[in-house]
Amino acid sequence: MLDSDQAKGPLINSISPMLGMAVGALGTALLVQWAPRPLMLAYCFLLAAFVIQAIYLGRVAETVSRQPGVWQSLKPSLHVPQQARRMLWLVLPVDIAAWALGGFFLSLSPSLLAAATGSTSPLNGGLAVAALTLSGALAIVTLRQREPVLGLWVGASFLPLGVAVILLAVNLGALWLFFVGAVVAGIGFGSSFLGALRMLMPLAHAHERAGLMSAFLVLSYLAFCIPALIAGYFAHSVGLVMTSNVYGAVVITLALIALAGLIVRHTGGGEKHDRG
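Mapping of the sequence shown onto the working numbering: residues 12 to 287, in sequence order.
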């Protein structure tokens, strides 16, 4: 996708995870709330989706010519080109913050809502994830034709603000405020991911894009799972609310580091240097 369309490639790569998480979280929440045998039904829907995708992929035209070495091509390849490393360090803090927040929401937000607000509805847990990811998708669509760096500015600004509102809601036990914070943080989530992709990928040559994209996604998905696993471990000993406060403080700090980096880059003429 990145090779065949450099304009739509980053857009689709950034919006697809948001929509997928929203549909998955909200869909499974609806199944748990009202459907019989929701665990089995959820996997049946997934299986059907995979079958449809496999059939569709069989009809998609290949974008490159066939070459020998099929087994070698399956070997994972992570590579950050020299010219993209400075930009990676700039976008990495807010990208890690965004995906760490996403992982926390998907894994612990239903339990956190129950602990902080007393709400035990599975639907509220799904709605919380959907509020985060759908607002992220909306931000991506809104910013898709703006300057790539604007996505980073919006992400590094909205993400810490949204997390601060979420923490306030958790400590006050205010369910409605939690959803407001999720929407604000979601705008930061989607904006930062789109901005990071659009700032990074044009810096790679055609033969370097796959390695750079792989490296970027590996870092993103490590941030998506490892911090949430650590939070789940400590939640058993110190409680979910305290864990959320510490977790949120780390996310806010990372986003503010990214914001500071953007300010330094802007005042120091780094934007002109990257374009030139």
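Ideal placement from N, C-alpha and C gives every residue a C-beta, glycine not left out.
Supposed close pair residue i, residue j - CB separation, criterion 8 angstroms
{"i": "Ile198", "j": "Val165", "result": "7 angstroms"}
{"i": "Ala196", "j": "Gly222", "result": "No, Ala196 and Gly222 are not in contact; Cβ-Cβ is about 31 angstroms, not under 8 angstroms."}
{"i": "Ala109", "j": "Phe204", "result": "6 angstroms"}
{"i": "Gly113", "j": "Ala148", "result": "Not confirmed; about 12 angstroms, so no contact."}
{"i": "Leu145", "j": "Ala33", "result": "5 angstroms"}
{"i": "Met98", "j": "Leu211", "result": "6 angstroms"}
Backbone secondary structure at residue i - three-state DSSP
{"i": "Ala1", "result": "Outside the displayed span of the chain (12 to 287) sits residue 1, for which this structure offers no information."}
{"i": "Glu158", "result": "coil"}
{"i": "Arg97", "result": "helix"}
{"i": "Pro79", "result": "coil"}
{"i": "Arg48", "result": "coil"}
{"i": "Gly259", "result": "helix"}
{"i": "Val91", "result": "coil"}
{"i": "Ser130", "result": "coil"}
{"i": "Gly184", "result": "coil"}
{"i": "Gly38", "result": "helix"}
{"i": "His218", "result": "helix"}
{"i": "Gly279", "result": "coil"}
{"i": "Gly250", "result": "coil"}
{"i": "Arg286", "result": "Confidence at Arg286 is low in this model, with a pLDDT of 47, below 50, so its placement is unreliable and no value can be given for it."}
Cutoff 6 angstroms; reference residue i; Cβ partners in own chain excluding five residues on either side
{"i": "Ala193", "result": "Ala139, Ala142 and Leu143"}
{"i": "Ala217", "result": "none"}
{"i": "Leu22", "result": "Arg155"}
{"i": "Ala266", "result": "Val105, Ala108, Ala167, Leu170 and Pro171"}
{"i": "Leu37", "result": "Gly137 and Ala141"}
{"i": "Pro121", "result": "Gly136"}
{"i": "Leu134", "result": "Ala40 and Gln44"}
Proximal residues to residue i (C-beta, below 7 angstroms), its chain only, five neighbours per side dropped
{"i": "Ala242", "result": "Phe115, Leu119, Thr254 and Tyr258"}
{"i": "Arg286", "result": "Low confidence applies here, because Arg286 scores a pLDDT of 47, under 50, leaving its location unreliable; read the following figure in that light. Around Arg286: no qualifying Cβ."}
{"i": "Ser130", "result": "Leu124 and Leu186"}
{"i": "Glu219", "result": "His90 and Pro92"}
{"i": "Val191", "result": "Val176"}
Pairwise C-alpha distance: residue j and residue i
{"i": "Pro87", "j": "Ala95", "result": "19 angstroms"}
{"i": "Leu57", "j": "Val71", "result": "21 angstroms"}
{"i": "Trp100", "j": "Gly272", "result": "9 angstroms"}
{"i": "Ala127", "j": "Ala59", "result": "37 angstroms"}
{"i": "Ala269", "j": "Leu124", "result": "29 angstroms"}
{"i": "Gln44", "j": "Glu158", "result": "42 angstroms"}
{"i": "Ser25", "j": "Val176", "result": "25 angstroms"}
{"i": "Pro79", "j": "Leu30", "result": "36 angstroms"}
{"i": "Arg77", "j": "Gly250", "result": "54 angstroms"}
{"i": "Leu178", "j": "Leu68", "result": "43 angstroms"}
{"i": "Leu41", "j": "Leu188", "result": "22 angstroms"}
{"i": "His277", "j": "Ala150", "result": "22 angstroms"}
{"i": "Pro213", "j": "His247", "result": "44 angstroms"}
{"i": "Leu117", "j": "Thr39", "result": "12 angstroms"}
{"i": "Phe245", "j": "Ile66", "result": "43 angstroms"}
{"i": "Gly35", "j": "Ile274", "result": "37 angstroms"}
{"i": "Ala46", "j": "Cys55", "result": "13 angstroms"}
{"i": "Arg48", "j": "Ser132", "result": "17 angstroms"}
Close beta carbons around residue i, own chain, < 8 angstroms, minus the five adjacent residues each side
{"i": "Ala111", "result": "Ala234, Phe235, Pro238, Ala239, Tyr258, Val261, Val262 and Leu265"}
{"i": "Val252", "result": "Leu123, Ala126, Ala127, Val181 and Asn182"}
{"i": "Asn256", "result": "Leu178, Val181 and Asn182"}
Buried versus exposed, by CB contacts within 10 Å (16 or more), residue i
{"i": "Leu183", "result": "exposed"}
{"i": "Ser231", "result": "buried"}
{"i": "Val102", "result": "buried"}
{"i": "Pro28", "result": "buried"}
{"i": "Val316", "result": "The structure shown does not extend to residue 316, since the chain is modelled only from 12 through 287, so no value can be given for it."}
{"i": "Val229", "result": "exposed"}
{"i": "Gly279", "result": "exposed"}
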